[in-house]
Amino acid sequence: MSRNPDSTEFDALFLAHYDGVYRLLYRIAGTREEAEDLAQEAFLRLAQQRFQSDRSHNVRAWLYRVATNLAYNALRSQTRRTRREAETFQAAALTAAAADDPAEAVAQAAERMTVRRILAHLPERQARLLLLRHSGLSYRELAEAVGCAASSVGALLARAETAFEAAYRAEAAAEEE
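Encoded structure:
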């Protein structure tokens, strides 16, 4: 039985991009299960679009954009937000119990939650730029993923980094008080 050429092309795209999409979604969603569900949905949409890697489309940028949109839509759901926070606290407690240095494990879990909280309060475009850049996208891919000119990505990214740093410092100062 021969394989459908579209299926072969999709398999190649899946193998090339799944790990990166999953890692991005894990950073946004915070749980393995949610990241897997969102990645599955992103690749389902890719299959429905029937993209091919030799076309003029930048499949990676398109896929990351779809994935981040799916993740932000999921974050908007209050039920999921509440469940995710409860799971994060539970995971932190389990990690602390199993770690060589429980205090370090708790500190790392708290740091991850702080970063997620700050990203959730940034404007969506800024949070998306920071997450996608951290995932390794080039400026050209970032421009395509967020829908802006490639020449403006540097300035937009700098503003996003400045906003994140200011929020992070404000949160750190509030914790010290």
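Residue numbers (the numbering used here): 58 to 234. Just so you know, even glycine gets a beta-carbon here, dropped at the ideal spot from N, CA and C. Small disclaimer: the values here were computed from a predicted structure and weren't measured.
Short Cβ contact (8 Å threshold) for residue i with residue j
i           : j           : result
residue 86  : residue 92  : yes
residue 74  : residue 117 : yes
residue 203 : residue 186 : yes
residue 220 : residue 183 : yes
residue 96  : residue 82  : yes
residue 67  : residue 128 : no
residue 225 : residue 211 : no
residue 205 : residue 214 : no
residue 181 : residue 115 : no
Assumed close pair residue i, residue j - CB separation to whole angstroms, cut-off 8 Å
i           : j           : result
residue 78  : residue 124 : 5 Å
residue 84  : residue 188 : 6 Å
residue 28  : residue 80  : What is shown of the chain runs 58 to 234, which leaves residue 28 out entirely.
residue 228 : residue 171 : 6 Å
Residue span of the alpha helix (DSSP H) that contains residue i, given as start and end
i           : result
residue 233 : 210-233
residue 94  : 89-106
residue 191 : 181-191
residue 194 : Counting along the chain, residue 194 falls outside any alpha helix (DSSP H), and DSSP gives it neither H nor E.
residue 178 : 159-178
residue 131 : 116-132
Contact set for residue i: own chain, Cβ-Cβ below 7 Å, skip 5 residues either direction
i           : result
residue 135 : Any reading at residue 135 is ruled out, since the residue's pLDDT is 45, under 50, leaving its predicted position unreliable.
residue 200 : 206, 207 and 210
residue 173 : 87
Cut-off 6 Å between Cβ atoms - residues of its own chain near residue i, not counting five sequence neighbours on either side
i           : result
residue 218 : none
residue 137 : Caution applies to residue 137, whose pLDDT of 46 falls short of 50 and renders its modelled position unreliable; the value that the coordinates give is listed next. So the qualifying residues of the chain are 131.
Cβ-based neighbour list, residue i, same chain, cut-off 8 Å, excluding 5 preceding and 5 following
i           : result
residue 190 : 199 and 214
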